[in-house]
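Beneath this line is the structure, given in structure tokens, with notes to follow.
Residue numbers (our numbering): 2 to 82.
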């Protein structure tokens with residue numbers, strides 16, 4: 002039987018990823034938990050800024066979703082692949 006692999010993810014309503022404290026907290030969470038996926042809500046930044054930040058954190062692939070019914074800002078999913 003092949004070894005079982007687990008996937009770890011973080012889901013966080015960061016309420017603004019532009020603040021230095023938010024980026025430090027996210028970086029710490031990712032390092033501590035060795036996350037494979039990061040789900041971010043209410044980043045309050047434009048798409049290129051979020052993509053750059055996720056890339057710097059080691060997540061080269063990202064998707065954004067927008068659901069007006071949920072009344073939230075953009076939802077982001079950063080992925081390691």
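Positions of the beta carbon are idealized from the N, C-alpha and C atoms, including for glycine. Bear in mind the structure is a predicted one, so any value in this text is a computation, not a measurement.
Separation of residue j from residue i, as counted between CA atoms
i          : j          : result
residue 49 : residue 17 : 15 Å
residue 39 : residue 4  : 24 Å
residue 30 : residue 11 : 8 Å
residue 20 : residue 26 : 10 Å
residue 45 : residue 51 : 9 Å
Extent of the continuous alpha helix (DSSP H) run through residue i
i          : result
residue 51 : 48 to 57
Backbone secondary structure at residue i - three-state DSSP
i          : result
residue 30 : helix
residue 16 : coil
8 Å contact criterion, which residue i and residue j should meet: CB distance rounded
i          : j          : result
residue 96 : residue 56 : The structure shown does not extend to residue 96, since the chain is modelled only from 2 through 82, so no value can be given for it.
Interface flag, residue i vs chain B, CB-CB below 7 Å
i          : result
residue 65 : As a matter of chain content, chain B is missing from the structure shown, which is built from one protein chain.
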